[in-house]
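**Student:** Position one of the sequence shown corresponds to residue 274 (the working numbering), numbered consecutively onward.
The beta-carbon is built from N, C-alpha and C at its ideal position, and this holds for glycine as well.
What you are looking at is a predicted structure, and each value in this text was computed from that prediction instead of being measured.
Dropping a structure here in structure tokens format, bear with me for questions.
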Amino acid sequence: MTSPFLALPGAVDSSGEDAGVAAHYGNPLREQRLLQGGAIVDLSNRGVISVTGPDRLSWLDSVTSQALKGLAAGDSTETLLLDPSGHVEHAIRVFDDGVTAWLLVDASETLALAAWLDRMRFTLRVEVVDRTADFATIGWMPPQEPALSGSGSSVGNGTDSASIIEAFAAAPAGVALTWSDPWTAVATGGHQYAAVDRHPGEDFPWRETLVERADLTALAQRASERHIEVAGVLAAEALRIAAWRPRLSSEADEKLIPHEVDWIRSAVHLNKGCYRGQETVAKVHNLGHPPRRLVMLHLDGSDAVLPAAGDAVVVLDDPENTVGTITSCALHFELGPIALALVKRSTPVDAPLAVASESILVPASQEVIVPPEAGAAVGRIPRLPRLGAQRR
């Protein structure tokens with residue numbers, strides 16, 4: 274499926290996980306400002322799965338990390354599908370319209386997740402369908418500042434953008450299909466490891482709206498007529514990284530557990546019933562520490578080298594000492610070059626770090642997201658008397 278947004282002036286196709294949508298339209302830094310002012314991002318390559326039937330929420334609740342039984346029509350949340358050892362297999366953005374639970378996922382997750390869910394239905398009254406061919410995802414944020422415009426107009430300061438999105442939003446059950454990212458606050462039953470007075474996620478009110486794929490060309494035409502500004506995925510990624518917001522296709526590998534990237538904050542309910550991987554979640558949170566921790570790196574831009582995902586994070590004074598790996602990187606319009614990285618828990622929070630990229634060491638200052646002491650919430654547990662022992 275070729276997105277009609279790629280026909281807009283200046284559109285440059287993305288690669289990798291985001292292939293099939295525009296990376297940018299000529300100026301990624303300007304597009305970050307536009308996105309804060311109400312511009313939209315074409316995410317039509319991402320996956321959409323519907324789960325219908327009266328057992329849908331209780332069933333999803335039983336197999337994933339978030340409490341979903343009480344999700345009301347119009348509510349949004351996020352949940353994780355873990356393997357039996359607690360490693361993250363899928364990150365799922367969930368929205369329910371009272372009839373259907375809509376699961377929004379990265380493109381590479383869609384087929385595997387839909388197939389796994391379909392196998393797990395057994396005799397429950399649920400139906401799982403891949404709806405990616407029917408619905409396209411559009412990303413946006415409520416206006417935070419006046420949108421920029423090359424023509425000098427304010428483009429309604431983003432207001433028109435929001436109203437156009439509302440007009441195009443699919444609503445098969447009478448409820449507009451817009452998912453609101455819960456990352457702006459600690460979810461009920463969640464826990465934040467980041468020890469900050471104000472979390473940058475509070476300034477990242479991300480939305481994803483489903484539109485009928487048949488209407489995507491008309492929406493792109495509105496953008497072409499400058500009734501609505503557009504930004505590429507590079508702009509969305511830069512704002513995501515600055516908000517410390519994990520993404521499965523970027524931050525996850527086969528070893529990732531939710532604690533390492535502070536995903537307990539939005540996607541895990543610590544007090545809900547049993548689900549696959551719960552033992553690891555509870556054990557690490559209550560008794561142990563995650564083996565790695567997410568940090569944000571502020572990178573030295575003197576050499577004009579922007580590291581890439583997979584580049585090694587090393588100790589600046591001892592470049593043979595690799596302590597972690599870059600997971601995401603971007604050039605931010607205010608912060609400059611920044612990155613998210615997973616480093617060993619033992620890495621000192623004040624250690625001078627660098628990124629080995631293109632045979633160059635790029636110095637980096639570390640901003641702690643998940644501290645080394647994350648976990649061990651219970652502390653010391655009192656010893657239980659042995660069976661048959663007498664208390665004195």
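The alpha helix (DSSP H) with Trp375 in it runs from where to where?
**Tutor:** Where Trp375 is concerned, there is no enclosing alpha helix (DSSP H), although the beta strand (DSSP E) it sits in stretches over Thr373 to Val378.
**Student:** What would DSSP say about Lys342, mapped onto helix, strand or coil?
**Tutor:** The answer is coil: DSSP assigns Lys342 none of H, G, I, E or B.
**Student:** What do you reckon, are the CB atoms on Met393 and Val321 nearer than 8 Å?
**Tutor:** Contact flag unset, no.
**Student:** Enumerate in chain order the residues of its own chain whose CB-to-CB distance from Gly561 is below 6 Å, with the five nearest sequence positions on each side excluded.
**Tutor:** For Gly561, where only same-chain residues beyond five positions count, the Cβ hits under 6 Å are Gly648.
**Student:** For Asp454, collect the residues of the same chain with a Cβ closer than 6 Å to its Cβ; drop the 5 residues on either side in sequence, then sort them by chain order.
**Tutor:** Trp479.
**Student:** When the distance is taken between beta carbons, is Phe368 closer than 8 Å to Trp456?
**Tutor:** In this structure, Phe368 does not lie closer than 8 Å to Trp456 by Cβ.
**Student:** Put Asp356 into one of helix, strand or coil per three-state DSSP.
**Tutor:** DSSP places Asp356 in coil when its eight states are reduced to three.
**Student:** Which same chain residues end up closer than 6 Å to Leu390 when comparing Cβ atoms and leaving out the 5 residues on each side of it in sequence?
**Tutor:** If we look at Leu390 and ignore the five residues flanking it on each side, its Cβ neighbours are Val401.
**Student:** Taking just the CA atoms, how far does Lys556 sit from Pro658?
**Tutor:** In this prediction, Pro658 scores a pLDDT of 46, lower than 50, which makes its location untrustworthy; no coordinate-derived value is stated.
**Student:** What residue from Val372, Pro277 and His464 has the CA that sits closest to Ala446's CA?
**Tutor:** The candidate whose alpha carbon is nearest that of Ala446 is Val372.
**Student:** Can you tell me whether Ser632 is buried or exposed? The criterion is at least 16 other CB atoms within 10 Å of its CB, across all chains shown.
**Tutor:** It is exposed - the Cβ of Ser632 has fewer than 16 other Cβ atoms within 10 Å.
**Student:** Would you mind stating whether Ala614 and Val588 have Cβ atoms separated by less than 8 Å?
**Tutor:** No. Outside cutoff.
**Student:** Just verifying my parser: in three-state terms, what is the DSSP assignment at Gln465?
**Tutor:** Gln465 falls in the coil class under three-state DSSP.
**Student:** I need the straight-line Cα distance from Arg303 to His605, nearest angstrom please.
**Tutor:** Straight-line Cα distance between these residues: approximately 10 Å.
**Student:** To the nearest angstrom, how far is the alpha carbon of Ser575 from that of Ala442?
**Tutor:** Distance between the alpha carbons of Ser575 and Ala442: 44 Å.
**Student:** List the residues that DSSP assigns as beta-bridge partners of Val640.
**Tutor:** Going by the sequence as given, residue 640 is Glu instead of Val. Paired residues: Met569.
**Student:** Provide the residue(s) that pair with Trp452 in DSSP beta bridges, ordered along the chain.
**Tutor:** The partner list for Trp452 (beta bridge, DSSP) reads Glu481.
**Student:** Is it buried or exposed, Ala493, if we count other Cβ atoms within 10 angstroms and call 16 or more buried?
**Tutor:** The residue is buried, with at least 16 neighbouring Cβ atoms inside 10 Å.
**Student:** Alpha carbon to alpha carbon, how far is Ala511 from Gly474? Give it in angstroms, no decimals.
**Tutor:** Rounded to the nearest angstrom, the two C-alpha atoms are 13 Å apart.
**Student:** Kindly identify the DSSP beta-bridge partner or partners of Thr325.
**Tutor:** DSSP lists Thr373 and Glu400 as partners of Thr325.
**Student:** Roughly how many angstroms lie between the CA atoms of Pro644 and Ile530, to the nearest whole one?
**Tutor:** Distance between the alpha carbons of Pro644 and Ile530 is about 15 Å.
**Student:** Using the C-alpha atoms, what's the distance from Glu646 back to Ala603?
**Tutor:** C-alpha separation (whole angstroms): 28 Å.
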